[in-house]
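Engineer: Numbering-wise (this note's numbering), the sequence shown opens with residue 1 and increments by one. Glycine included, C-beta positions come from ideal geometry on N, C-alpha and C. First, the structure itself, so that you have it in front of you.
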Amino acid sequence: MDQSRFLSEIRNCAFFTGLEDRSLRPLLKIAEERIFVRGTTIFRQGDPVPGIFIVSEGLVRVFKMSSSGKEHVLHLAGPGRTFAEIAVIAGFPCPAFAEATEDTRCIFLPTDGFLAALRSDHGLCLQLLTGMGLWVRSFLDLMEGIVLKDSISRIAAYLLEQTARQKGNKIVLPSLKKHVASHLNLTSETLSRTLKQLKEAGLIQEEGENSLRVPDLERLRSAADGNFPLY
């Protein structure tokens, strides 16, 4: 196990941002590397929660499935993002399915070891309150977008979020855009049509398969706030 790499990746994970070294050391002792090929089901809804996953490379979709087989993507977890964290902390079974949509590498923190570290470190507990607060805020932002925003504002906000996560004005989208559409509660057709509108308005530019460039972040932010068309 490459502890220096694990340490760097846990530090750079939004959920654990700000942890001191003394709180990170117990996590390094229990950390494991898990590799999932594209299409692998990581866990199923109702399974006992195995632990917290930190995505190092790749992409994982966390989704609900109805009895009729209809899916809704709750979360697309890319590098630096976690999943299953709330279920581990709250002690309930996996509330959704998780599947690797690309070849994916994760750092895995098993439930029992993580809870033991939590019980012995108040600093870790306090940091997790911050992490859970960020999770709740992200969820509320998603609900606001679905309920209050039209498709252009919703997609512009998603793209803006990706520029922040991917640290630049070039965005790599998931290979299957239907997962992005499901996450934003849109049809694939609406997603494609809206991306075309944003391209025609000059807010985004194609840079190869599944890659976009945002030439002006402020114009995209204005569209996300509901100001479209832009003059």
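If we ignore side chains and look at the alpha-carbon of each, how far apart do G113 and G91 end up?
Structural biologist: 13 Å
Engineer: Quick one: Cα of Y231 to Cα of G58, how far?
Structural biologist: Confidence is the limiting factor: at Y231 the pLDDT is only 45, short of 50, which leaves the residue's position unreliable, though a coordinate-based value still follows. Going from the Cα of Y231 to the Cα of G58 covers about 38 Å.
Engineer: Go ahead and pull the three-state DSSP assignment for Y231.
Structural biologist: Residue placement at Y231 is poorly supported in this model, since its pLDDT is 45, which falls under 50; the coordinates still yield a value, given next. Coil.
Engineer: Using the C-alpha atoms, what's the distance from V60 back to L176?
Structural biologist: 12 Å
Engineer: Are the beta-carbon atoms belonging to F53 and C106 less than 8 Å from one another?
Structural biologist: yes
Engineer: Can you check which of these residues, C94, K70, P48, R34, is closest to L109 by C-alpha distance?
Structural biologist: R34
Engineer: Does the distance from the C-beta atom of H179 to that of V73 stay below 8 Å?
Structural biologist: Yes; because the gap between Cβ atoms is below 8 Å, this pair is in contact.
Engineer: In terms of residue numbering, what span does the alpha helix (DSSP H) encompassing A156 cover?
Structural biologist: 151 to 165
Engineer: My output table needs one value for I204: the three-state DSSP class, helix, strand or coil.
Structural biologist: coil
Engineer: Have a look at Q45, G80, V55, G78 and flag the residue whose alpha-carbon is nearest the alpha-carbon of S67.
Structural biologist: Q45
Engineer: For the beta strand (DSSP E) that contains S211, what are its first and last residues?
Structural biologist: Per DSSP, S211 belongs to the beta strand (DSSP E) from 211 to 213.
Engineer: Opposite T187 in the DSSP bridges: which residues?
Structural biologist: Per DSSP, none; premise fails for T187.
Engineer: Does the segment 187 to 194 come within contact of the segment 211 to 221, defined as at least 3 CB pairs closer than 8 Å?
Structural biologist: no
Engineer: Starting from the C-beta of F139, find all residues in its chain whose C-beta is less than 6 Å away, skip the five residues before and the five after it, and write them out in chain order.
Structural biologist: none
Engineer: Under a three-way DSSP split, which group does F92 fall into?
Structural biologist: coil
Engineer: Would you list the one or two residues that DSSP bridges to V60?
Structural biologist: A77, A100
Engineer: Have a look at the DSSP bridge pairing and note the partners of L34.
Structural biologist: Rather than Leu, the amino acid found at residue 34 in this sequence is Arg. DSSP, once it has assigned bridges, lists C106 as partnering R34.
Engineer: Go to T111, then tell me how far its alpha helix (DSSP H) extends in each direction, as first and last residue.
Structural biologist: 111 to 120
Engineer: So what does E20 bridge to, in DSSP terms?
Structural biologist: None; E20 has no bridge partner.
Engineer: Give the single residue among G131, L160, D121 whose Cα lies nearest to the Cα of G80.
Structural biologist: G131
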